[in-house]
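Encoded as structure tokens, the structure appears first; notes follow it.
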Amino acid sequence: MPDALPPDPSKTPRQRWMAVLARADAEALQIRLGDAPRYTVLRGPEAGLVMVRGRTGGGGAPFNLGEMTATRCTVRTDAGLVGHAYVAGRNERLAELAALADALLQDPMRQSALLRQVIEPLAELQEARRAEVAAKAAATRVQFFAMRNMRA
Amino acid sequence: MSASVDLPGFADPVAKAQATFRAVLDAMARPGTIHHAGEDLAAPAPLDQATAAVLLALVDHETPLWLDVAAAPARDWLAFHCGAALVAEPNAACFAVALSLPDLTQFPAGSHEAPESSTTLILQVPALASGTRYRLSGPGLREPQVLSVSGLPAWFTTQWQQNRALFPRGVDIILCAGTTLTALPRSISIEEG
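Same order as they appear, the protein sequences are chains A and B.
Quick note on numbering: the first sequence equals residues 84 to 235 in my numbering.
Quick note on numbering: the second sequence equals residues 3 to 195 in my numbering.
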């Protein structure tokens, strides 16, 4: 479930837009990007496995939760900007579009327009979906008072 | 990530890496024979296509890579496409790239327990069809093989004798020029002429 976690507010603008692009829908991203300039694919899109690590309770020692499929892509626009994308699953089209969008967003001339037309609407959509899932989940919540006291 | 990566790797990574690996394998099995690699690869300066193709096929994050000063401009490309761990000291290298013959004794020659842990030197030379003639003989060659290489210094054969004397330890060399390559495994003896 890619929308489970809200974006970390402490991240840089580029980390934020890369996170939004990675969770976007390929169709929606394609429509919002419109006509893109010419670009070269430097690497990929290629799928591989990424080890997801977690922390055990108490001590916080890391452990390997399991491997997940991820797809990465790197493109270079003819203006020389290099964009990267890593997306969950094997959505190669999304990886390529997200890498292209990352490259275009690094262009100071385009950045504010793209943030307004592409990133903000997608982020709002993702936030709304996250809130909806959270609300549905909250309705099923069971309060274990004894456990809560112990944790507090 | 460096922004100076402006060239892609193999257009068809799996097939091209396998074809290049096969070319290196054949070259090692028949020392001194000429094989081809990297014909449609856009190699980063100053590397030739065969050199770049061999590196894409062989080097990854588990094989520390040493570059000589002349090859250093390609480091960003290699770091990006191979994920190579670049090392500053030749004695930590699994693979080494050089545009002129370095001192072979500075590379690990492996141990008697693990002779495969020696360095493989990928040496880019100006040409593999002209220049000094060398006679190769040894395993893999029924008849002595004649190989012409330009750009090797006069002390190469002397140093190669020292390298061969270490057998089964020793450094292997892959020679690359343009889109051609050949190999000099440690088992081969080399004489000028």
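No residue lacks a Cβ here, since even glycine has one placed at the ideal position from N, Cα and C.
Among the options, nearest to residue i - alpha-carbon criterion
i: Pro210(A); options: Leu116(A), Arg138(A), Arg106(A), Tyr122(A); result: According to the sequence displayed, residue 210(A) carries Glu and not Pro. Looking at the Cα atoms, Arg106(A) is the closest of the given residues.
i: Ala168(A); options: Gly131(A), Thr154(A), Val216(A), Thr160(A); result: Thr154(A)
i: Cys84(B); options: Gly140(B), Ala95(B), Asp28(B), Gly11(B); result: Gly11(B)
i: Arg130(A); options: Asp108(A), Ala206(A), Arg121(A), Glu150(A); result: Per the sequence shown, the amino acid found at residue 130(A) is Ala instead of Arg. Checking every option, the nearest Cα to that of Ala130(A) belongs to Glu150(A).
i: Ala72(B); options: Val26(B), Gln126(B), Ala13(B), Ala59(B); result: Gln126(B)
i: Ala47(B); options: Ala19(B), Phe158(B), Trp79(B), Leu60(B); result: Trp79(B)
i: Ala45(B); options: Ile190(B), Cys178(B), Val89(B), Glu194(B); result: Cys178(B)
i: Glu194(B); options: Pro128(B), Val148(B), Ile124(B), Asp70(B); result: Val148(B)
i: Val26(B); options: Leu9(B), Leu60(B), Tyr136(B), Phe97(B); result: Leu60(B)
i: Cys96(B); options: Val151(B), Pro66(B), Thr159(B); result: Pro66(B)
i: Ala1(B); options: His37(B), Val7(B), Val151(B); result: In the structure as shown, chain B starts at 3 and stops at 195, and residue 1(B) therefore has no counterpart that could be examined.
i: Leu101(B); options: Leu88(B), Pro128(B), Asp62(B); result: Pro128(B)
Beta-carbon contacts of residue i that lie in its chain and below 6 Å, excluding the five residues immediately before and after
i: Thr139(A); result: Phe146
i: Pro15(B); result: none
i: Ile202(A); result: Trp100, Val103
i: Asp174(B); result: Thr122, Pro187, Arg188
i: Trp68(B); result: Val89, Pro92, Ala95, Ala98
Limits of the unbroken beta strand (DSSP E) element including residue i
i: Asp50(B); result: Element bounds for Asp50(B): n/a, residue is neither H nor E.
CA-to-CA distance, residue j to residue i, given in whole angstroms
i: Met30(B); j: Thr134(B); result: 21 Å
i: Arg32(B); j: Arg176(A); result: 44 Å
i: Gln189(A); j: Ala185(B); result: 44 Å
i: Val56(B); j: Gln164(B); result: 26 Å
i: Phe1(B); j: Pro155(B); result: With chain B covering 3 to 195 only, the question about residue 1(B) has no answer from this structure.
i: Leu49(B); j: Arg212(A); result: 50 Å
i: Gly163(A); j: Pro117(B); result: 44 Å
i: Thr35(B); j: Pro120(A); result: 46 Å
i: Ala13(B); j: Leu43(B); result: 8 Å
i: Val165(A); j: Ser150(B); result: 42 Å
Opening and closing residue of the alpha helix (DSSP H) in which residue i lies
i: Leu205(A); result: 203-222
i: Glu110(A); result: 109-116
i: Val16(B); result: 15-31
i: Ala178(A); result: 175-188
i: Pro141(B); result: First-last for Pro141(B): undefined, no H or E at that position.
i: Arg97(A); result: 96-105
i: Asn93(B); result: First-last for Asn93(B): undefined, no H or E at that position.
Chain-order list of residues whose beta-carbon lies under 7 Å from that of residue i (same chain, five-residue window excluded)
i: Gln194(A); result: Leu188
Cβ neighbours of residue i in the same chain (closer than 8 Å, five flanking residues each side left out)
i: Ala5(B); result: Its pLDDT being 44, under 50, Ala5(B) is placed unreliably by the model, and the measurement read from it follows with that caveat. Around Ala5(B): no qualifying Cβ.
i: Arg136(A); result: Pro145, Phe146, Asn147, Leu148
To be precise: take each residue of the stretch 4-23 of chain B, compare its Cβ to all Cβ atoms of chain A, and keep it if any distance is under 7 Å. Which residues remain? Ala5, Val7, Asp8, Pro10, Gly11
Can you list, in chain order, the residues of the stretch 71-104 of chain B whose Cβ is nearer than 8 Å to any Cβ on chain A? Correct list: Phe82, His83.
When you check each C-beta in the stretch 158-187 of chain A against every C-beta of chain B, which residues fall closer than 9 Å? Arg159, Gly163, Leu164, Val165, His167
Name the residues in the stretch 107-134 of chain A whose C-beta lies less than 7 Å from a C-beta of chain B; which are they? Thr123, Val124, Leu125, Arg126
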